[in-house]
Amino acid sequence: MVSKTIQRNRVVEALWLCLFVWVSGLINCSAHRSSVELDPMILRATANPDGTIRVDALDPEILFSDATLAYQNKRFQVAAEQFVLYVNTFPEQTNAVMAQFNAGLAFEALEQWETALRYFDAYLNNDVREKDKIDALFRRGVCLQKLGLWAKAADVYATILTMRLTVLDRAETLAQYGLSLHRLGRLADAERAYLDCLKVRDDNVELNLFDGNYYVAMAQHQTGEIYRALFEAIRFRLPVERMRRDLEDKSHLFLKAQAAYLRAIRMKNTEWALAAGFNIGVLYEGFYHDMMDSEYPSELDAESLEIYYDELRSKVRPLIERAVEVYEKNLIMSEKIGAQDTEWGKRTRESLNRVRNLIRKTEQRDSPERPAT
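Per my numbering, residue 9 is the first one in the sequence shown, and the count goes up by one each step.
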């Protein structure tokens, strides 16, 4: 214990000696200069586990540069720590405000949404340019969405839409606004926001800004999701007249959803193309099951009911066969682009196996019994 204390004292004495020599040099130099300008630097002493002390010189320019490089190299934990250190150590520096925003980005990349929000909010408390404010508000909205705070996220994106936006910013904000409304169950408002996003794209297609754009492709896909939800809500119920109307309405929504998904595939964004391909398969599979689950006349006896289902199964079999074809194509596409282990690749494989098993069981049920040998 005594040796550690002595060791600490020696380090402190050495530091004071270095500072004395440094200050003396400044005094001597200042005799020949009217003023001396120095970049701020802080010495930070850290106790090591073995009792020794490590002294680091924190230069704001180097620290900010190191943090930026760490972020660019996807070392997000290091970047977050260094940007936070910069904010706390050099709050008066010009880059301190930008360090707040960058810390938010780093924590967002680490999926630490609440911490990211704190730094985005701190950044927004400064007097920043409107363009930078838009960027920070957009990231803030993303974090709120990740936390499931859809109403707050919708408010953020509604605020952004009142600001002066570029064509791309407006399209992306409308997509995120639509998603927030969608999750709140406000389907009509969500559809309107998605369609407004797509109109921005269509009105400015000559700018070549939107090929592969994540948010615009998402808006197109999500319109399909709205129509699919309405499609799935329709169940076939007696009497027959109602069934006819249900079939007409359901078929109309099926076609609208499928068309929206096909347009999403053509938007050249890998993630949403795979999602759309998967959900086209879901449409066909769902239509098959809804037809098989439709109400039947209560007066049918067991034998008549078996005949009814055999006939119905043969009529709707093309739906489940088409689902297999769609899932197979989507799986092939996922393998070609190396996305077979993504969420949509895995879900496609699982669904393909499920419908293949369903067809196999149906064929076994329909095949005549083999004579004993």
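Each residue gets a CB set at the ideal place from its N, CA and C atoms; glycine is no exception. All figures in this text were calculated on a predicted structure; none of them were measured in a lab.
Under the rule that a run must span 3 or more residues, no beta strand (DSSP E) segment is found entirely inside the segment 173-202.
Going by beta carbons, Phe244 and Ser312 fall outside the 7 Å limit. A residue is called buried once 16 or more other Cβ atoms fall within 10 Å of its Cβ, and Ala162 is buried on that count. Pro68 counts as buried, since at least 16 other C-beta atoms from the protein chains shown sit within 10 angstroms of its C-beta. Counting only unbroken stretches of 3 or more residues, no beta strand (DSSP E) element lies wholly within the segment 227-268. Annotation note: the segment 280-319 contains no uninterrupted alpha helix (DSSP H) run of length 4 or greater.
Counted as a single uninterrupted DSSP element, the alpha helix (DSSP H) harbouring Gln153 occupies residues 138-154. Taking one beta carbon from each stretch, the segment 344-363 and the segment 307-327 have fewer than 3 pairs nearer than 8 Å; the two do not touch. Phe286 and Leu206 have their C-alpha atoms spaced approximately 22 Å apart. Contact annotation: Lys258 and Ile242 have beta-carbon atoms nearer than 7 Å.
For the pair of segments examined, the segment 161-176 was found to touch the segment 201-217: the number of CB pairs separated by less than 8 Å reaches three. Judged by DSSP in its simplified three-state form, Met171 adopts coil rather than helix or strand.
By the Cβ neighbour-count rule, Arg362 is exposed, with fewer than 16 other Cβ atoms within 10 Å of its own.
One thing to note: Ala124 has its Cβ within 7 Å of the Cβ of Gly112.
Phe218 carries a coil assignment under DSSP once its states are collapsed to helix, strand and coil. Non-local C-beta neighbours of Asp177 in its own chain, meaning closer than 7 Å and more than five positions away in sequence, comprise Ile142, ordered along the chain. The Cβ atoms of Ala179 and Arg209 lie closer than 7 Å to each other. Our two residues, Leu263 and Arg194, have alpha carbons roughly 22 Å apart in a direct line. In the pairwise beta carbon analysis, the segment 149-162 is classified as not touching the segment 130-139: fewer than three pairs are separated by under 8 Å. Nearest to Thr174 by alpha-carbon distance, out of Cys151, Leu215, Leu189, Gln153, is Leu215. Taking all protein chains in view, the Cβ of Gly220 is surrounded by fewer than 16 other Cβ atoms within 10 Å, so the residue is classified as exposed. Inclusion of Phe91 and Ala117 in the CB contact set at 7 Å is not warranted, their separation being larger than that value.
The beta carbon of Asp74 sits closer than 7 Å to the beta carbons of Gln90 from its chain, once the five residues preceding and following it are set aside; these are given in chain order. Shortest Cα-Cα distance from Leu339 to any of Asp309, Ala284, Ala87, Thr370 involves Ala284.
DSSP places Glu329 within a helical segment (H, G or I) once states are collapsed to three.
Rounded to whole angstroms, the gap between the alpha carbons of Val334 and Ile328 is 10 Å. Collapsing the DSSP output to three states places Ala117 in a helix. Counting the other Cβ atoms within 10 Å of the Cβ of Thr170 gives fewer than 16, which makes it exposed. Of the residues assessed, Thr181 falls on the buried side of the cut-off, its CB having 16 or more other CB atoms within 10 angstroms. Here the segment 271-281 lies against the segment 341-353, with 3 or more beta-carbon pairs under 8 Å apart. Around the beta-carbon of Asn365, fewer than 16 other beta-carbon atoms lie within 10 Å, marking it exposed. The beta-carbon distance between Gly294 and Ala268, rounded to whole angstroms, is 15 Å. This is too long to meet the 8 Å contact definition. For Phe98, the secondary structure class from DSSP, reduced to helix, strand or coil, is coil.
Take Trp121, set aside five residues on each side of it, and the residues of its chain with a beta-carbon closer than 7 Å to its own are Cys151, Lys154, Leu155, in chain order.
Here Gln85 is exposed, its C-beta having fewer than 16 other C-beta atoms within 10 Å. Shortest Cα-Cα distance from Glu319 to any of Met300, Glu307, Arg330, Leu145 involves Met300.
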